[in-house]
Every structure is written in structure tokens, then in C-alpha cells.
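Novice: First, the structure itself, so that you have it in front of you.
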Amino acid sequence: ALAGDPFREDCRNKTYPPSGPTYKGTVPTYIINLDLPPYKRWANVMNDKKTELKKVMQNIKNLVNKFFPGSKIADLVEVKMVHLLSSLPHPFREEIEGIANTSGASLGDVVLFNIFYEIFTV
Amino acid sequence: CTSIVAEDKTGKLYHARNLDFGLFLGWDIKNSSWTITQLLKPLVVALAFQRNNKTIFKSTNFAGYIGMLSGVRPGAFTLTMNERFSIDGGYLGILEWILGRRDGMWMGFLTRAVLENSTSYEEAKEKLAKTRLLAPAYFILGGNKPGQGCVITRSRAATLDIWDLDIKQGTWFLVETNYDRWKPPLFLDNRRDPAKQCLNQIKQENLSLATIYDVLSTKPVLNKLTVYTTLMAVDGGHTETYLRECPEPCCPW
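Residue numbers (the working numbering), protein chains in the order written: chain B, 1 to 122; chain Z, 1001 to 1253.
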């Protein structure tokens, strides 16, 4: 089966330190201060990344709207997500509210982003 | 995803992963890539969680996501999570939660709680194995002593299997992708055997973060869904994260 895999290649070597066409860059580092109130912990990260987060969520909504035209499903999910938030445990609920507030993304979108794993395990 | 926990000849533990995400979430024909995979790359951040100006744990996250998918508690343990697909999946857990059954834990919140509160490999292992979940998962855990490494296969309610490192029996590495270890992977998605073959080729005496990066750079372990590669060593909580790209020809998953 391995021999028949058209994408299979021989084991790579000497690829480290990363460079070349399989390397796309490093990532920025942030400190999350757990001594701050949960609502404020993610402010630095989200000030820098709000545009990127909104772009991802908009694309997911666009995808949903392609399957269910008219945006009714996407709107319904958003409303349900806001309801779900109130049942999430401390301090996660407050952290999610803080992220939505700082980023300007809708609360429903940020809840959905945080429970994506549970949705996608089928 | 592909996660690797491995021990070198001196007993030092290494832990690394490729985070793959975005399957079927839109295909960008122009760039020959998954849309969401590409959009997630600018969201990847390295985080240091501090209390009293001291780093308690580190993680690699998507900005806006407060759970943990890859993290290290310096000097104590390393942890990654791989997605486990099941008919009895997380959507049922969400439904139960909405209907009022709330004794399960959201996956990302559990890994976050473990990294934040557990102070040893054993404590982390117990919490990951015994806490009821909303969705199935694979937890890959590494410790700070020789032999401390395992893959915990979880259904929502129970631990189905704990697969430990066993140096005496020649098991110096564990590779977990997205399939139960006692079952063959889907024939269209076999990343497990190429990763194992490359690790066997490297041999235990040559194991390092650099050689593990080689494994995670080999197609199809590296594929069109790969967002980032994280390398971790528990000593000092060392982590390195790199965004990835898979140039053609490259497996779409």
C-alpha cells in the first residue's frame, strides 16, 4: 500500500533548521497573564489577530451559506451559540466574551470557533 | 494530524506534531490548497501562560481559541491532542450538553485545565484518561522521566486504550495519526506507516528534534492540510513552531 501511494516520498533528512518550500515562517509569541481577569487575558493577542479571526469565520459562514442558501442556517447557529455560551464553565465563558469584545467578532462566531473540535469529530 | 513522542538513548523525551486541519472546508483552485488551512496559518501563535510572572505552561494556539491542542508544562509533561473520528462523535456530546447533561468536559477545556493545573505526568495521565468528554480524542502525553510517554485513546465516556513507551520491548517511539492503533489506517490516508518507517530509519541513537522535524517534513506526513509543526522537549519547556507548506506534488490529506 505504501509503495502504491503516489504522493509518498523517501524519508527526508537535513531539513532542519527549517527553510525552503515546505517552510512558511515562524509564529509570534504572546504572554497570557493568568493573574488578569479572564475577560482581559487575550486582549493583546486579539488586538493583533482580529482581522484574521474574522476572515476565518466569514469563510466558514460563506461555506455554510453555499450549502444552505439564504443565510438562515448560519444565523440560527449564531443565535444558538450565544445561548450555549451561558452554560460554559468559568473562566472559559468570560475569556470567550473578552475575545469577542476585543476582536469585534460576533460572540456566536467565537463560541463556534471554540467548539469546532466537538462538531468535526464525525 | 501526526503526533510523535519518542525517547533517545540517554532517556531524553521528545514530543512533536503536525497539526492538520481544514479537510473539505473549501478548496482554493488557484492556489491548490484547502481554504481554511491557509486562513488558519496567520492565526497561529505561541503562548506562554504566566502566573506571578512565572511561566506555568506554553502552547501553540490559534488566536481566538482558548483550548489547547499542543502544549508543554516545563519540567513536567508535554501534551498534544489528535482528532478521533467516530459516529458517536462530539455532535452527540453537544446535544447532550444542550439537553442538560453537563458532566462531560469540552476537549479543549480539558487539555487547558490539565496543562494549567496538573503538576506531573501521572496526574495529567489520570485526568486525561478518567474525565468524561463531549467528543472522542487521542491524547499524546510525554513525561520527564525515561519510559514516560503514552497515547490515550478516548471515547466520550471511557478510555479504550493506553499505549505506553516500552524501551525494554523496543518501543522507543509512539506515532499517532487519526486512527486507533489496533486498526489499519484508511488506505487513502496512511501517514502512520511512513512516519514509523522514517523513525526506524533514523534509529534511536540519532533521535533529536531536528531528525523528528525531518519525519514531519516527509510527504504524506506533511500534506496539504498541515498548518504547523511544533517541536517540544520537556526540559525547560522548550518549544519551536513553524508554519508549513506542502508544494506539489502533495497529498490533499
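Each residue gets a CB set at the ideal place from its N, CA and C atoms; glycine is no exception.
For I1066/Z, is the classification buried or exposed, using 16 other Cβ atoms within 10 angstroms of its Cβ as the cut-off for buried?
Specialist: Mapped onto the second sequence, residue 1066/Z falls at position 66. By the neighbour-count rule (16 or more Cβ atoms within 10 Å), I1066/Z is buried.
Novice: Are V1004/Z and V1151/Z touching if we call contact CB-CB under 7 Å?
Specialist: Along the second sequence, read from residue 1 onward, the residue named residue 1004/Z stands at position 4. Along the second sequence, read from residue 1 onward, the residue named residue 1151/Z stands at position 151. In the sequence as presented, Val is not what sits at residue 1004/Z; that position holds Ile. No; because the gap between Cβ atoms is not below 7 Å, this pair is not in contact.
Novice: Rounded to the nearest angstrom, what separates L1079/Z and L1216/Z at their Cα positions?
Specialist: The count along the second sequence starts at 1 and reaches residue 1079/Z at position 79. The count along the second sequence starts at 1 and reaches residue 1216/Z at position 216. Taking the straight line from one Cα to the other gives about 17 Å.
Novice: Quick check on G1149/Z: does DSSP put it in helix, strand or coil?
Specialist: Position 149 of the second sequence, counted from the start, is the residue given in the question as residue 1149/Z. Correct three-state label for G1149/Z: strand.
Novice: Helix, strand or coil for R1112/Z per DSSP?
Specialist: For the purposes of this step, residue 1112/Z is taken as the residue at position 112 of the second sequence. R1112/Z: helix per DSSP, three-state reduction.
Novice: Look at the alpha carbon of T15/B and the alpha carbon of S1059/Z, and state the distance between them as a whole number of angstroms.
Specialist: Counted from its first residue, the first sequence places residue 15/B at position 15. Counted from its first residue, the second sequence places residue 1059/Z at position 59. Straight-line Cα distance between these residues: approximately 23 Å.
Novice: Assess contact between the segment 1111-1120 of chain Z and the segment 1075-1091 of chain Z, defined as three or more Cβ pairs (one per stretch) separated by less than 8 Å. Is contact present?
Specialist: Counting Cβ pairs under 8 Å, three or more are found: they touch.
Novice: Is V82/B close to chain Z, meaning its C-beta is less than 7 Å from at least one C-beta of that chain?
Specialist: Stepping through the first sequence from its first residue, residue 82/B is reached at position 82. Taking Cβ atoms only, chain Z never reaches closer than 7 Å to V82/B, which makes this a no.
Novice: Should Q1169/Z go down as buried or exposed, given a rule of 16 or more other Cβ atoms within 10 Å for buried?
Specialist: Locating residue 1169/Z in the second sequence gives position 169, where the first residue counts as 1. Exposed is the call here.
Novice: Would you report the Cα separation of R41/B and L34/B, rounded to the nearest angstrom?
Specialist: Against the first sequence, residue 41/B aligns to sequence position 41. Against the first sequence, residue 34/B aligns to sequence position 34. One C-alpha to the other measures close to 7 Å.
Novice: With a Cβ-Cβ cutoff of 7 Å, do L1039/Z and N47/B count as a contact?
Specialist: Numbered from 1 along the second sequence, position 39 holds the residue referred to as residue 1039/Z. Numbered from 1 along the first sequence, position 47 holds the residue referred to as residue 47/B. No. Outside cutoff.
Novice: Using the beta-carbon of each residue, which ones in chain Z are nearer than 7 Å to G25/B?
Specialist: As a first step, residue 25/B must be located in the first sequence, where it is residue number 25. The answer, in chain order, is L1243.
Novice: Would you verify that the beta carbon of C1251/Z is, or is not, closer than 7 Å to some beta carbon of chain B?
Specialist: Here residue 1251/Z corresponds to residue number 251 of the second sequence, with the count starting at 1. True, the Cβ-Cβ gap to chain B drops below 7 Å.
Novice: Does the distance between the C-beta of K40/B and the nearest non-hydrogen atom of the ligand COA fall short of 6 Å?
Specialist: With respect to the ligand COA, the structure offers nothing, as it holds no ligand at all.
Novice: Does the separation of the CB atoms of V45/B and A1063/Z fall below 7 Å?
Specialist: Along the first sequence, one-based indexing puts residue 45/B at 45. Along the second sequence, one-based indexing puts residue 1063/Z at 63. In this structure, A1063/Z lies closer than 7 Å to V45/B by Cβ.
Novice: In chain order, which alpha helix (DSSP H) runs of at least 4 residues are fully inside the segment 30-67 of chain B?
Specialist: For the segment 30-67 of chain B, whole alpha helix (DSSP H) runs of length 4 or above, ordered along the chain, are 43-67.
Novice: Is there a Cβ of chain Z sitting closer than 7 Å to that of D75/B, yes or no?
Specialist: For the purposes of this step, residue 75/B is identified with residue 75 of the first sequence, where counting begins at 1. So, not an interface residue.
Novice: Three-state secondary structure (DSSP) at A1158/Z?
Specialist: As a position in the second sequence, residue 1158/Z is number 158, starting the count at 1. The answer is coil: DSSP assigns A1158/Z none of H, G, I, E or B.
Novice: How would you write the range of the beta strand (DSSP E) that D1020/Z sits in, first residue to last?
Specialist: Reading the second sequence from its first residue, position 20 is the one you call residue 1020/Z. It spans 1013-1020 - the beta strand (DSSP E) in which D1020/Z sits, taken as one unbroken run.
Novice: Work out the CA separation of A1124/Z and G1011/Z for me, nearest whole Å.
Specialist: Locating residue 1011/Z in the second sequence gives position 11, counting from the first residue. Locating residue 1124/Z in the second sequence gives position 124, counting from the first residue. So the two alpha carbons sit approximately 20 Å from each other.
Novice: Could you check whether the Cβ of V1072/Z sits closer than 7 Å to any Cβ belonging to chain B?
Specialist: Locating residue 1072/Z in the second sequence gives position 72, where the first residue counts as 1. With 7 Å as the cut-off, V1072/Z does not count as an interface residue toward chain B.
Novice: In chain order, what residues of the same chain have a beta carbon less than 7 Å from the beta carbon of A1129/Z, not counting five sequence neighbours either side?
Specialist: On the second sequence, position 129 is the one that residue 1129/Z refers to. Only I1152, T1159, I1162 meet the Cβ criterion.
Novice: From this set, A1006/Z, N1018/Z, L1013/Z, which residue's C-alpha is nearest T1241/Z's C-alpha?
Specialist: For the purposes of this step, residue 1241/Z is identified with residue 241 of the second sequence, where counting begins at 1. Of the listed residues, the one whose Cα sits closest to T1241/Z is N1018/Z.
Novice: Buried or exposed: which applies to I1202/Z, given that a residue is buried once 16 or more other Cβ atoms fall within 10 Å of its Cβ?
Specialist: Position 202 of the second sequence, counted from the first residue, corresponds to residue 1202/Z. With 16 or more other Cβ atoms within 10 Å, it is buried.
Novice: Between A1016/Z and R1084/Z, is the Cβ-Cβ spacing less than 7 Å?
Specialist: On the second sequence, position 16 is the one that residue 1016/Z refers to. On the second sequence, position 84 is the one that residue 1084/Z refers to. Against a cut-off of 7 Å, the Cβ pair of R1084/Z and A1016/Z comes out as no contact.
Novice: Relative to chain Z, which residues along the segment 88-105 of chain B have a C-beta separation below 8 Å, given in chain order?
Specialist: Hits within the stretch, in order: L88, P89, F92, E95, I96, I99, S103, A105.
Novice: By DSSP, does W1172/Z sit in helix, in strand, or in coil?
Specialist: Taking the second sequence and counting its residues from 1, the one referred to as residue 1172/Z is at position 172. It is coil, neither helix nor strand.
Novice: Listing by chain order, which chain B residues have their CB less than 8 Å from the CB of M1107/Z?
Specialist: Mapped onto the second sequence, residue 1107/Z falls at position 107. Y117, E118, listed in chain order.
Novice: In angstroms, rounded to a whole number, what distance separates the CA positions of A1233/Z and A1048/Z?
Specialist: Within the second sequence, residue 1233/Z is the residue found at index 233, counting from 1. Within the second sequence, residue 1048/Z is the residue found at index 48, counting from 1. Each residue's alpha carbon lies about 15 Å from the other.
Novice: Among E1007/Z, C1001/Z, T1002/Z, which one has its Cα closest to the Cα of Q1148/Z?
Specialist: By 1-based counting over the second sequence, the position of residue 1148/Z is 148. When only C-alpha atoms are compared, the closest one is E1007/Z.
Novice: Using a Cβ-Cβ cutoff of less than 6 Å, which residues in the same chain neighbour S103/B once the five nearest sequence positions on both sides are dropped?
Specialist: The residue given as residue 103/B occupies position 103 in the first sequence. The answer, listed in chain order, is M46, K50, L53.
Novice: So the beta strand (DSSP E) I1056/Z belongs to, where does it begin and stop?
Specialist: Residue mapping note: residue 1056/Z aligns to position 56 of the second sequence, counting from 1. It spans 1054-1062 - the beta strand (DSSP E) in which I1056/Z sits, taken as one unbroken run.
Novice: Can you tell me which of N1178/Z, P1185/Z, P1247/Z puts its alpha carbon nearest to the alpha carbon of C1001/Z?
Specialist: The residue given as residue 1001/Z occupies position 1 in the second sequence. Closest by alpha carbon: N1178/Z.
Novice: Can you find a C-beta in chain Z that's less than 7 Å from the C-beta of K40/B?
Specialist: Counting from one through the first sequence, the residue named residue 40/B turns up at place 40. No, its Cβ sits nowhere closer than 7 Å to a Cβ of chain Z.
Novice: Smallest Cα separation from L1025/Z: which of M57/B, L84/B, K72/B, E9/B?
Specialist: As a first step, residue 1025/Z must be located in the second sequence, where it is residue number 25. Answer by Cα proximity: M57/B.
Novice: What are the start and end residues of the beta strand (DSSP E) that includes K24/B?
Specialist: Position 24 of the first sequence, counted from the first residue, corresponds to residue 24/B. Run containing K24/B: 23-26, per the beta strand (DSSP E) assignment.
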